[in-house]
Amino acid sequence: MLGEGVARPRLRLHKPGKYPVEVALDAPGPVALGPVEVEVAERPDGWSWSVANRSDAALGVGAVSLVWDAGPAGPDPRFFRHGYQSWSANGVARLGVDEDPSRTPGARSLSRGMHHADPAVAAPGELRSELVAVLSSGDPARLLCAGFDSGATHDGTLRARLVDGDVELAAEAQLGGAVLAPGQQRSLHGVALTEGDTG
């Protein structure tokens, strides 16, 4: 079940070559982000969602994200990062201390693309995980696990960063510029969220 500390998510849309657009999700149901409509349904363990083109012209979609405030960061927030491929590293990184590997000086786009669904360089202070991630705010009584139900029809990236002492988490459905025909709707893999402890 979703914990009381988990805020209702916001929606963020990335179109190729454009700045992201973000809107509040006041209630489940369809939300328009320009010509793109994202429909979100709550479920006991998270959200199911879809994206649709409501315009009269074909439209490319880079990524769609559910973004939420995961609560206070605490003194030592840690983020378990799951690798993209079998050769990609898994491990724990510290928010506000460690950097995403894509920010390594001299990292080439080919190398970045082998280890992340999105080959772009991550924003400063942002950490990424593929398909699933676990957040520890330093409180041993609270771990937050977020992940996608599947990766069969699109990649899923979890992004974490510090914002004013809180942790912002984003579950990003990577569509890679997929073109939606006028009126076309595409289901996205659901996002599950669960809380637990280290015991």
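Count the sequence shown with this note's numbering and you get residues 3 to 201, in order. Backbone N, C-alpha and C fix where the C-beta goes; we use that ideal spot for every residue, glycine too.
Extent of the continuous beta strand (DSSP E) run through residue i
i, result
"SER139", "Run containing SER139: none; DSSP gives neither H nor E here."
"VAL170", "One point to set straight first is that residue 170 is Glu, not Val, in the sequence displayed. That run of the beta strand (DSSP E) goes 168 to 182."
"GLU24", "23 to 26"
"GLU132", "129 to 132"
"ARG10", "Taken as a continuous stretch (DSSP letters only), ARG10 belongs to no beta strand (DSSP E), as it is neither H nor E."
Sheet register partners of residue i (DSSP bridge)
i, result
"GLY31", "VAL42"
"ALA194", "GLY48 and GLY149"
"GLN186", "Answer is none; GLN186 lacks a bridge partner."
"LEU61", "LEU182"
"ARG80", "ARG96 and SER138"
DSSP three-state assignment for residue i, whether helix, strand or coil
i, result
"PRO103", "helix"
"SER111", "helix"
"HIS156", "coil"
"ALA122", "coil"
"ASN92", "coil"
"SER67", "strand"
"ALA85", "As written in the sequence, residue 85 is Gly, which differs from the Ala given in the question. In this structure, GLY85 counts as coil in the three-state DSSP scheme."
"PRO18", "coil"
"PRO74", "strand"
"ARG163", "strand"
"MET3", "In this prediction, MET3 has a pLDDT of 41, which is less than 50 and means its spatial position is unreliable; what the coordinates show is noted afterwards. Of the three classes helix, strand and coil, the one that applies to MET3 here is coil, per DSSP."
Heavy atom of the ligand MN within 7 Å of residue i beta-carbon
i, result
"GLY108", "Ligands in the displayed structure: none, and consequently the ligand MN is not present."
Expected contact under 8 Å - CB spacing of residue i and residue j to nearest Å
i, j, result
"ASP199", "LEU133", "The Cβ separation is near 22 Å, so there is no contact."
"GLU24", "ARG12", "6 Å"
"LEU164", "ALA72", "With a Cβ gap of about 11 Å, LEU164 and ALA72 do not count as contacting."
"SER131", "HIS84", "5 Å"
"ALA173", "GLY185", "Contact doesn't hold; Cβ gap of about 26 Å is too wide."
"ALA65", "LEU177", "6 Å"
query = Below 8 Å, can you find three or more Cβ-Cβ pairs linking the stretch 60 to 67 to the stretch 123 to 133?
reply = no
ask   = Within the chosen definition, does the stretch 154 to 164 reach the stretch 83 to 101 through at least 3 CB pairs nearer than 8 Å?
value = yes
key: Stretch pair the stretch 17 to 31 + the stretch 41 to 49: three plus CB contacts closer than 8 Å   = yes
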